[in-house]
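Single-structure report; data block below.
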Amino acid sequence: MVRPLGFLVGLGFIVALLCAIVTTPLSNEPQAAHAFHKEARHLPLSSDGLFPHWDKAKLQRGLQVYKEVCSACHSLDHVALRDVAELGYTEGQVKTFAKGFQVPSINPDTGEPATRDGLPSDHFPAPYANEVAARAANNNALPPDLSLITKAREDGKDYVYSLLTGFQNPPANLPKELQPATGLHYNPYFANLNLAMAPPLTDGQVTFADGSPNDVKAMASDVTAFLVWTAEPKLVQRMRVGWAAFLFLSIFSILAYLSYRNIWADKEH
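Here it is in structure tokens:
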């Protein structure tokens with residue numbers, strides 16, 4: 001019995017040693033990056049909470065920021081041009097807005113690729129023909145589609161807002177291995193601190209017709225609010241339906257209880 005026991009003990013030691021080797025990090029870079037990483041800052045919006053509503057003026061400004069800045073690299077594949085009518089635009093304004101885009105088409109006479117003016121039924125056109133072209137134009141980095149970005153990313157809108165406003169020079173005590181390489185930019189709100197996207201916003205870059213502030217933080221807030229809408233355009237309607245259903249069920253439950261008390265009152269006595 002001694003030999004099998006000794007064999008099992010030795011085998012257990014070997015297994016434990018192998019697990020330790022496999023789970024030991026090859027470098028301390030992830031831990032070092034974590035020390036400089038910052039948690040996303042909270043961005044309060046009217047669409048937050050139990051009683052959300054859309055600030056349509058803010059969403060319109062966010063749409064303008066997307067069109068004039070973000071659309072150069074990022075797509076909105078899941079959003080149709082006609083959907084912007086929900087932001088407070090008239091039918092004529094939607095048609096004019098759609099016409100401002102050029103969408104891929106086919107020349108009916110030659111069969112060759114061509115472009116045409118956008119229609120409300122079209123989706124937002126992608127800035128690149130395909131992934132290869134997108135990577136070639138962005139130092140092999142693929143700009144993500146923004147349709148669902150605030151739902152897909154942890155911390156959602158707070159992450160997007162923090163990322164847009166978080167570009168800065170690396171701190172003096174940043175380890176050499178974490179310094180941004182050529183073509184990368186330091187941002188403590190990004191997981192590994194450095195990303196291929198250059199700071200997309202600068203103060204005064206977009207001029208709003210209503211005279212709203214157009215510094216980096218204001219524009220980042222506006223476009224983030226717009227991306228919250230693209231990710232869940234029926235948010236407000238869904239919450240209203242939910243509250244109506246809750247109110248109905250509450251009243252129904254009270255009436256059912258009172259009916260029970262009325263029917264069984266005599267029998268209980």
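Anchor point for the sequence shown: position 127 equals 127 in UniProt numbering, and the numbering is continuous, going up by one each time.
Using N, Cα and C, we set each Cβ at its ideal position, and we do this for glycine too.
In this structure, the CA atom of E177 is about 10 Å from the CA atom of A33. If you ignore the 5 residues before and after Q60, its C-beta comes within less than 6 Å of the C-beta of L87, all in its own chain and listed in chain order. By the CB criterion at 8 Å, G62 and D222 fall inside the cutoff. Within 10 angstroms of the beta-carbon of W229 lie 16 or more other beta-carbons, which makes it buried. Secondary structure at D117: strand, using DSSP grouped into helix, strand and coil. For A220, same chain residues with a beta-carbon under 7 Å away, outside a window of 5 residues either side, are Y161, L164, T165 and L201 in chain order.
Sorting S46, T115, A126 and A256 by C-alpha distance to the C-alpha of C70 places A126 at the top. Contact annotation: the segment 143 to 153 does not touch the segment 208 to 218, with fewer than three C-beta pairs closer than 8 Å. Remark: C-beta atoms of P143 and A134 approach each other more closely than 8 Å. The continuous stretches of beta strand (DSSP E) do not include V132, which lies in the alpha helix (DSSP H) extending over residues E131 to A136.
In this structure the segment 165 to 175 does not touch the segment 47 to 58; the number of beta carbon pairs closer than 8 Å is below three. A distance of 8 Å or more separates the beta carbons of H185 and P171. If you draw a 10 Å sphere on the C-beta of H74, you find 16 or more other C-beta atoms in it, and that means buried.
Here A35 is not bridged, per DSSP, to any residue. Between N194 and P175, the beta carbon gap of about 12 Å keeps them out of contact (Cβ cut-off 8 Å). Distance from H78 to S147 at the Cβ level is roughly 4 Å; contact confirmed, criterion being Cβ atoms closer than 8 Å. With contacts defined by Cβ atoms closer than 8 Å, T115 and K157 do not form a contacting pair.
For a cut-off of 8 Å, the C-beta gap from F248 to Y66 is around 38 Å, too long to register as a contact. Taking all protein chains shown into account, L76 has 16 or more neighbouring C-beta atoms within 10 Å of its C-beta and is therefore buried. With a 10 Å radius around the Cβ and a threshold of 16 neighbouring Cβ atoms, V94 comes out buried. A residue is called buried when at least 16 other Cβ atoms come within 10 angstroms of its Cβ; K234 does not meet this threshold and is exposed. V103 has R116 as its beta-bridge partners, per DSSP.
Per DSSP, the beta bridge partners of L195 are H185. One Cα belongs to I251, the other to T96, and the distance between them is close to 47 Å.
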